[in-house]
Amino acid sequence: MSAPLSSISVAPMEGMTTFPMRLWLQVCSEPESMTTPFLRVTKVYPDREIPMTFAPELYELRGVLPYGLTPQFIAGDPLQFLRAAEFMPPLLAPILEINCGCPSPNSLGKLAGSGMLHDAETFGRVIENLSRELGPGRLAVKMRLGIEDPSEFEDLLAAVVPLPLARLTVHGRTRDDGYRGKARWESIEIAAKAANIPVVASGDVLGIESLKQLAETAPHLSGAMIGRGVMRNPWVFEELRSGVPTELDLLTLVNALFCYALLQELWQSHPLKLIARVDSGRIGSPCRNNFAAWEKLTVELTSLVYGLPFLLNRGFKMPSEAISTVAFGRLKILWAYLRSGLPEAFNLPSLTRAKSISDFFNQLLIAANDHPEERIRVTHREEWDKLFAGARG
Ligand SMILES: Cc1cc2nc3c(=O)[nH]c(=O)nc-3n(C[C@H](O)[C@H](O)[C@H](O)COP(=O)(O)O)c2cc1C
């Protein structure tokens, strides 16, 4: 059974969905499209070009990876948004998104992110100007329902809905909601019904069940984004395509996670090496839940990081020194989400508090040895939703 909404993509998440995560998600379950986390744009930054690390998919790796990528910017001054847009001509980025939802756009002033939503008239005027400057069908807007109260959404929506935007993505919460409570899908449906432009829902889509509910509540949507759900279940796009949760064996899960840490490590220490391997096709092909494919990728990545090809197996003592604390930290953040998509046996505090990468993987192998099922089902588990109420990462 296929997903009920035609276009489901990865939502932008600052500090999370940077290039190594996007690459890893492509390898896990091949999302069709993604949006970058926002690039902060000021008077002086970016200076002469967009930094290479922001979106190599649009430059060095243009056409190499199969997913579509929309760059997102955040700016306290709309003119700076336009200045940055000049570094990304339509040939590189047919769509550019402006972030009108970030609750705390540090250092950019109070008019950035959700700060744009204070006054519907000004919001409409700014977006209209940007849309006119960029040309029809080029500007995408990602917004919240308002600042304090969802009733603000009606005027905000009326101000932008007649504009020829590429798409309007609505995170169904106000700024004051943060990430708490349920996203208000009914409000997003009002936008989808009113608009002639594609309207995309963001908030609380976590798998096949929630997507079905969203499609029932908001039948006029063009698509949906999955944010925290991709970290709770990186195989979620496989689940949406097949209609059933993905099952993996333990060593596949362990090596997939190890690959995530290794990709983060390479991106920190040798980004050009990683780009070259992706460009040559050695890294980036889908592995899904196939052990042999993850094995091949682990061997490729351990050769690059450790200078010695190996993969993780029961009883294997792994060297820890080649992984930086940054890459290990990224793995632990992913784990903090992912454990809620796994059976309870994996929800061990000692694993979450592991001090080194070898400690982490050795514990994971032991936890899994105790796990009676041969195959591990990765999927949204409602009982762990409380872990994420209000969590921003
Ligand atoms: C850690 C984190 C970082 C985020 N960064 C961005 C961002 O850079 N740009 C943006 O438009 N939204 C950002 N968001 C909001 C998400 O894109 C999304 O709208 C929100 O998390 C609700 O969707 P979800 O329930 O699927 O996570 C971020 C959310 C989180 C949790």
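Just add 3 to the spot in the sequence shown (first one is 1) and you have the working numbering. Even for Gly, the Cβ is constructed at its ideal location relative to N, Cα and C. Keep in mind that this is a model prediction, so the values were computed, not measured.
Relative to the C-alpha of residue i, which candidate in the options has its C-alpha closest?
{"i": "R187", "options": "R170, G206 and L171", "result": "G206"}
{"i": "P40", "options": "L354, T20 and N365", "result": "T20"}
{"i": "A348", "options": "E377, A325 and S359", "result": "E377"}
{"i": "S327", "options": "R317, G344, R342 and V308", "result": "V308"}
{"i": "N258", "options": "A221, R244, L315 and I286", "result": "L315"}
{"i": "A58", "options": "I77, P34 and T38", "result": "T38"}
{"i": "L64", "options": "P274, G138 and G181", "result": "P274"}
{"i": "L300", "options": "E268, F261, K335 and P81", "result": "F261"}
{"i": "S213", "options": "P34, K389, T382 and E17", "result": "T382"}
{"i": "R285", "options": "V30, M16 and G18", "result": "V30"}
{"i": "P346", "options": "L304, G332, L367 and L334", "result": "L367"}
{"i": "V247", "options": "Y263, K215, G230 and H223", "result": "K215"}
{"i": "I413", "options": "R291, R51, L85 and G116", "result": "The structure shown has nothing for residue 413, since the chain only spans 4 to 396."}
{"i": "K46", "options": "A78, V144 and I53", "result": "A78"}
{"i": "K358", "options": "A330, Y340, F313 and G344", "result": "A330"}
{"i": "P74", "options": "P93, D388 and K276", "result": "P93"}
{"i": "V44", "options": "D388, D80, M24 and G344", "result": "D80"}
{"i": "K185", "options": "M119, V208, V129 and A96", "result": "V208"}
What is the DSSP secondary structure of residue i, counted as helix, strand or coil?
{"i": "M19", "result": "coil"}
{"i": "M4", "result": "Below a pLDDT of 50, predicted positions are generally treated as unreliable, and M4, at 38, falls in that range; the measurement from the model is reported next regardless. Note: M4 maps to coil in three-state DSSP."}
{"i": "R333", "result": "helix"}
{"i": "E324", "result": "coil"}
{"i": "C103", "result": "strand"}
{"i": "L82", "result": "helix"}
{"i": "S9", "result": "coil"}
{"i": "I360", "result": "helix"}
{"i": "T177", "result": "strand"}
Between residue i and residue j, is the Cβ-Cβ spacing less than 8 Å?
{"i": "L133", "j": "L142", "result": "yes"}
{"i": "A226", "j": "S361", "result": "Here residue 226 turns out to be Gly, not Ala, going by the sequence shown. Their beta carbons are not under 8 Å apart, which means G226 does not touch S361 by this criterion."}
{"i": "M2", "j": "L337", "result": "Because the chain here runs from 4 to 396, residue 2 falls outside it and cannot be looked at."}
{"i": "L99", "j": "A88", "result": "yes"}
{"i": "I211", "j": "L243", "result": "yes"}
{"i": "L171", "j": "A198", "result": "yes"}
{"i": "I191", "j": "A221", "result": "yes"}
{"i": "S36", "j": "Y70", "result": "yes"}
{"i": "E136", "j": "L168", "result": "no"}
Use the C-beta contact count for residue i: other C-beta atoms within 10 angstroms, 16 or more gives buried, fewer gives exposed.
{"i": "D152", "result": "exposed"}
{"i": "R384", "result": "buried"}
{"i": "S5", "result": "The pLDDT assigned to S5 is 39, lower than 50, so where the model puts this residue is not dependable; a value taken from the coordinates is nonetheless given after this. Exposed, because fewer than 16 other Cβ atoms sit within 10 Å of the Cβ of S5."}
{"i": "E155", "result": "buried"}
{"i": "Y48", "result": "exposed"}
{"i": "L82", "result": "exposed"}
Quiz item: Where in the stretch 35 to 73 do unbroken runs of the beta strand (DSSP E), each at least 3 residues long, occur, reported from the N-terminal end onward?
Solution: 36 to 44
Practice problem: Kindly provide the ranges of any alpha helix (DSSP H) runs that are 4 or more residues long and lie completely inside the stretch 185 to 250, ordered along the chain. | Solution: 188 to 197, 211 to 220, 231 to 235 and 239 to 245
Exercise. Give, in chain order, every unbroken run of the alpha helix (DSSP H) that is at least 4 residues long and sits entirely within the stretch 110 to 169.
Key: 123 to 137 and 156 to 163
Quiz item: Which runs of the beta strand (DSSP E), 3 residues or longer, sit entirely within the stretch 240 to 316?
Solution: 249 to 252
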